[in-house]
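Under UniProt numbering, read the sequence shown as residues 1 to 263, first letter to last.
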Amino acid sequence: IWNALTDNYGNVMPVDWKSSHTRALHLPTLNLSEKGVNDNLNLDLSDDEELREQLDMHSIIVSCINDEPLFTAEQVIEEIEEMMQESPDPEDDETPTQSDRLSMLSQEIQTLKRSSTNNSYEERVKRLSVAELNELLEEIETAIKDYSEELVQQLALRDELEFEKEVKNSFISVLIEVQNKQREHKETAKKKKKLKNGSPQNGKQERGHMPGTYLTTVIPYEKKNGPPSVEDLQTLTKILHAMKEDSEKVPSLLTDYILKGEC
1 IWNALTDNYG
11 NVMPVDWKSS
21 HTRALHLPTL
31 NLSEKGVNDN
41 LNLDLSDDEE
51 LREQLDMHSI
61 IVSCINDEPL
71 FTAEQVIEEI
81 EEMMQESPDP
91 EDDETPTQSD
101 RLSMLSQEIQ
111 TLKRSSTNNS
121 YEERVKRLSV
131 AELNELLEEI
141 ETAIKDYSEE
151 LVQQLALRDE
161 LEFEKEVKNS
171 FISVLIEVQN
181 KQREHKETAK
191 KKKKLKNGSP
201 QNGKQERGHM
211 PGTYLTTVIP
221 YEKKNGPPSV
231 EDLQTLTKIL
241 HAMKEDSEKV
251 PSLLTDYILK
261 GEC
């Protein structure tokens, strides 16, 4: 490259870069060592594999620390028992075997917990045979499975109860709003009636949709043995919303409600 650049200067002789004074000063500055490169090539691949495995285990441990802590069997049992105490009985036809099974499993875990505090528990486990250890492991796995199923059922029941509570709150809220509007409409109608009696009548009657026509709609409802279901409350809430807005959808919603046999 240097020869190609210096050839364009006519009679100027090309400079040999390798034998130049600048090159001689440049080499000590770089401090290049071929032996160091050769020494670094003698690497043990087995050390790299061990180092890679150690780094992987370290990353796993660090990631596990940031995760949520694992719950013990005792904590799961306490959570289930608290949920069962706080939540009301869902239905009368629920079989009592679930609570009995939960109590029995709780006693087994408590017994295992008390035995684990004993100093000789570890020695007894060490003296167990392989068959006995497998049997103990199977019992523990069965207990964990039963507790997991019970926990899933209780969580599903809690979600159902929360949804039912939201539906009931919505129904009560819109019912109060409709009652307040009906009261206001009744007072307004009385005032208009007094003004109408005191003023001469022109003999003309307005036709069409009068204000408050659908607000005073009566919803038929047959009282059943138990409280209304969630589906009934949702339908009634929809009708009450239409009544509050004095909407023309009230007759069609009321017809669908009657045809479904919910009243």
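Here a beta-carbon is modelled for each residue, glycine too, at the ideal position from N, C-alpha and C. As the structure is a prediction and not an experimental result, all values here were calculated from the model.
When secondary structure is reduced to three states using DSSP, D232 falls in the helix class. Residue nearest to S173 within the set K244, Y221, R23, L253 is K244 (criterion: CA-CA distance). With respect to L254, F171 sits apart: the two C-beta atoms are not nearer than 8 Å. The beta carbons of Y221 and I239 sit no closer together than 8 Å.
Here T217 carries a coil assignment [DSSP, helix/strand/coil]. Pairing T217 with V167 gives a Cβ-Cβ distance that is not under 8 Å. Here N225 carries a coil assignment [DSSP, helix/strand/coil].
Counting along the chain, no alpha helix (DSSP H) covers D246, and no H or E run does either. In the three-state reduction of the DSSP assignment, P28 falls in the helix class. Of the other Cβ atoms in all chains shown, 16 or more fall within 10 Å of the Cβ of T235; this residue is therefore buried. For S247, the closest C-alpha among the options V178, S20, P28, I140 is that of V178.
Contact between K181 and L151 does not hold, since their C-beta atoms are separated by about 46 Å, which reaches or exceeds 8 Å. It is roughly 45 Å from the alpha-carbon of S148 to the alpha-carbon of I219. By the 16-neighbour rule on beta-carbons within 10 angstroms, A242 is buried. Between E164 and V230, the gap from beta carbon to beta carbon is short of 8 Å. Positions of the alpha helix (DSSP H) runs, each at least 4 residues long and wholly inside the segment 120-176, are given as 121-127 in order along the chain. Rounded to the nearest whole angstrom, the CA to CA distance from P211 to K194 is 18 Å.
Shown here, K18 sits in coil according to DSSP, grouped into three states, outside any helix or strand. Beyond the five residues adjoining it in sequence on each side, L133 comes within less than 7 Å, by CB distance, of no other residue in the same chain.
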